[in-house]
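Worksheet for the structure shown next.
Residue numbers (my numbering): 30 to 723.
Structure representation (structure tokens):
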């Protein structure tokens, strides 16, 4: 019985490593038993001597790859092949030796330690190490096994250590005083200069902001921080005036935006610099007292009247004199003018609000001693309305009254318009003119909504007596001074239907209505047009009627139909259009010269072999086409070839009745009488006596 064998890994001897021996009590040493090994690695890693049972390791083993092998042993009788004992299982364990050195998981490690750090896994060797002095360090670390005893193995790795930044440095200005110059005419927001404080920290620890602490120019200037460059930009906050103040002094602070409370004991994390700004004198243009001027004037102001005034002054210390002028590009019609010394604006022409309610002009102020220095100001002149226009009809009205109108009917509603624009709105009144206070035909009704209605006053109107009425209407407004006008409404008398729809208003229509109605006139006109169309069609048909065929021979009617499309010629021309020749193929073989053309050269007519027996119509046409195409006597222009060949005779003979007249004896049609009532008419026509048929 056995349980397990033990074997060392990484055996380096020249012979195979002996593992152990298998043996059974049934083995008498006579060689009748055979030992067999099966299981993990049997036959490859482990081999057994089948006679002695000795087990050897055939290869070098590695415990780190596999530390345990399970195998099974058998003892078999060589003669019978039977097991002398049951199969046994045993284990081979691999003993570990120190054949692997310690290995780090990485070849290179990167670590960061905040500067000024205390104790850690990797400790700083020096107190208060400063990143600003040195930022990068490299450390080699060795690891040993067996507790560092003799025979142990070791491994190394490298650690790159970076000191990270902390905010332990305040910003510092490289200089205590900065000097800038600025013309007095610079616009607001102009950048006058840049200042910068240095901070050895990096990242957000080096971020700072600038502010004006105090100084006589704190309200005139401002400082903004450039986040990209960490600079302070001095800008103009208010308009500068050399005549007011020539020098400003500012105190500008630069402070960290993210201070670290651990290092506040090192001192304030900010610095201060003095900024001096000198204002330079500039010859400035005149300045108006306002940004713009608004002048209101009545439209009835007299020419030459002063309507307003503008003022400007020279801001420079010299206080030069100013002259005023109007930019004529803004006053093309020269309606206004200005006094060049005091800036008074007056009119040159009458004003009309209805044509131009606003006038926008530009006034220029220029220094007399320096014409290059000038300023412009807009002046908006509003023309106030005066009631100087009378109201009038809003449109031209085409008014009519029906002959069958009744008293009190509304025939027209009129509205008016006024070019004036009173502040309280329009209010119009309508009245008859004083000369005709009472009109016997129509009444004017004021609707009190700036419209008036025209009403009929009598029963019925007649076009025979009066076809048109003129109705004057007095229109006036309620503004001061009151304006009025007279509008005349033309009213025509018209014929209307029962619904009041106008049908006719002219006198000519009145005359025609006494005779025929409009519908009758239209019917007569249509009849005349139809007759004219029939006459034209009859004339056209008569002109296109063909001549009747001339029948000469009773043998073949078709041979005797000759059509002449020309004015000359005679009977000899029939040879040019001999239809019989075309119908009879044998006649085509005769050599005949054409009489309808006069060829310059007489060609030899080529004969063809007559092949007309049992020939099909289609083959006949193809042959005729081929002959015609190859005929040298054919004309050199397109010509029409007509063929009347009917093909072979039908087995039913001819069904045509055209040859009935050529028969030697008359045909008997008496059998038609036996065909019944359907053929009675035909039997009467052909089945009677000869005298009847004649």
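The C-beta atom is built at its ideal place from N, Cα and C for all residues, glycine as well.
Please read all numbers here as calculations on a predicted model, not as lab measurements.
#1: Counting only runs of 3+ residues fully inside the stretch 410 to 455, write out the beta strand (DSSP E) ranges in chain order.
#2: Whose C-alpha, out of 183, 456, 189, is nearest the C-alpha of residue 166?
#3: Determine which residues share a DSSP beta bridge with residue 519 and list them.
#4: Enumerate in chain order the residues of its own chain whose CB-to-CB distance from residue 210 is below 7 angstroms, with the five nearest sequence positions on each side excluded.
#5: Please go through the same chain and pick out, in chain order, the residues whose beta-carbon is closer than 7 angstroms to the beta-carbon of residue 346, but skip the five residues on each side of it.
#6: Ignoring anything shorter than 4 residues or poking outside the stretch 66 to 135, list the alpha helix (DSSP H) runs there in chain order.
#7: Which ranges does the beta strand (DSSP E) cover as unbroken runs of at least 3 residues, wholly within the stretch 347 to 371, from first to last along the chain?
#8: Quick check: the Cα distance between residue 458 and residue 506, rounded to an integer number of angstroms?
#9: Report buried or exposed for residue 102, applying the criterion of at least 16 other Cβ atoms within 10 angstroms of its Cβ.
#10: With residue 289 and residue 197 assumed to form a contact (beta carbons below 8 angstroms), what rounded beta-carbon distance in angstroms separates them?
#11: Give a yes or no on whether the C-beta atoms belonging to residue 328 and residue 390 are separated by under 8 angstroms.
#12: Under 8 angstroms, do residue 118 and residue 105 count as touching if we go by C-beta distance?
#13: Tell me where the beta strand (DSSP E) around residue 283 begins and ends.
#14: Excluding five sequence neighbours on each side, which residues of the same chain lie with their C-beta closer than 6 angstroms to the C-beta of residue 693?
#15: Going by beta carbon distance, what residues of the same chain come within less than 7 angstroms of residue 709, once the five residues before and after it are set aside?
#16: Can you tell which of 94, 139, 489 has its C-alpha closest to the C-alpha of residue 129?
#17: With 16 as the cutoff for other CB atoms within 10 Å, does residue 35 come out buried or exposed?
#18: Label residue 115 either buried or exposed according to how many other C-beta atoms from any shown protein chain fall within 10 Å of its C-beta, with 16 as the threshold for buried.
#19: With a 10 Å radius around its C-beta and 16 neighbouring C-beta atoms as the bar for buried, classify residue 213 as buried or exposed.
#20: Restricting to Cα atoms, I'd like to know which of 420, 530, 471 is closest to residue 480.
#21: For residue 395, count neighbouring Cβ atoms within 10 angstroms of its own Cβ and tell me buried if that reaches 16, exposed if not.
#22: Would you call residue 628 buried or exposed, if buried means 16 or more other Cβ atoms sit within 10 Å of its Cβ?
#23: If residue 414 and residue 449 are in contact, beta carbons under 8 angstroms, what's the gap, nearest whole angstrom?
#24: Once you ignore the five residues that flank residue 491 on each side, which residues in its own chain have a CB closer than 8 angstroms to its CB?
#25: In angstroms, rounded to a whole number, what distance separates the CA positions of residue 647 and residue 654?
#26: At which residues does the alpha helix (DSSP H) containing residue 649 begin and terminate?
#27: So does the stretch 255 to 264 actually touch the stretch 221 to 238, counting three or more Cβ pairs closer than 8 angstroms?
#28: Roughly how many angstroms lie between the CA atoms of residue 315 and residue 202, to the nearest whole one?
#29: Between residue 369 and the rest of its own chain, which residues show a CB-CB distance below 8 angstroms, the 5 nearest in sequence each way excluded?
#30: Based on DSSP bridge pairs, tell me the residues matched to residue 704.
#31: Just tell me which of 56, 241, 509, 121 has its CA closest to the CA of residue 70.
#32: In angstroms with no decimal places, state the Cα-to-Cα distance between residue 715 and residue 670.
#33: Residue 332 and residue 376: beta carbons closer than 8 angstroms?
#34: Do the CB positions of residue 428 and residue 519 come within less than 8 angstroms of each other?
#35: Please classify residue 77 as buried or exposed, where buried requires at least 16 other C-beta atoms within 10 Å of its C-beta.
#36: Rounded to a whole number of angstroms, what is the C-alpha to C-alpha distance between residue 81 and residue 58?
Inspection of the coordinates gives the following:
#1: 428 to 431, 439 to 446
#2: The shortest Cα separation from residue 166 among 183, 456, 189 belongs to 189.
#3: 499
#4: 307, 309
#5: 272
#6: none
#7: 351 to 355, 365 to 367
#8: 6 angstroms
#9: buried
#10: 7 angstroms
#11: no
#12: Not a contact, by the Cβ cut-off of 8 angstroms.
#13: 276 to 285
#14: Legend: pLDDT at residue 693 = 47, less than 50; position of this residue unreliable, no value from coordinates given.
#15: Excluding positions up to five away in sequence, the list is empty.
#16: The residue with the shortest Cα to Cα distance from residue 129 is 94.
#17: Result: exposed.
#18: exposed
#19: buried
#20: 420
#21: buried
#22: Interpretation of residue 628 is limited by its pLDDT of 48, a score under 50 that renders its predicted location unreliable; the figure taken from the coordinates is listed afterwards. By the 10 Å Cβ count, residue 628 comes out exposed.
#23: 6 angstroms
#24: 432, 522
#25: 11 angstroms
#26: 646 to 659
#27: yes
#28: When only Cα atoms are considered, residue 315 and residue 202 end up about 42 angstroms apart.
#29: 352, 353, 354
#30: Beta-bridge pairing by DSSP links residue 704 to no other residue.
#31: 121
#32: 41 angstroms
#33: yes
#34: yes
#35: buried
#36: 9 angstroms
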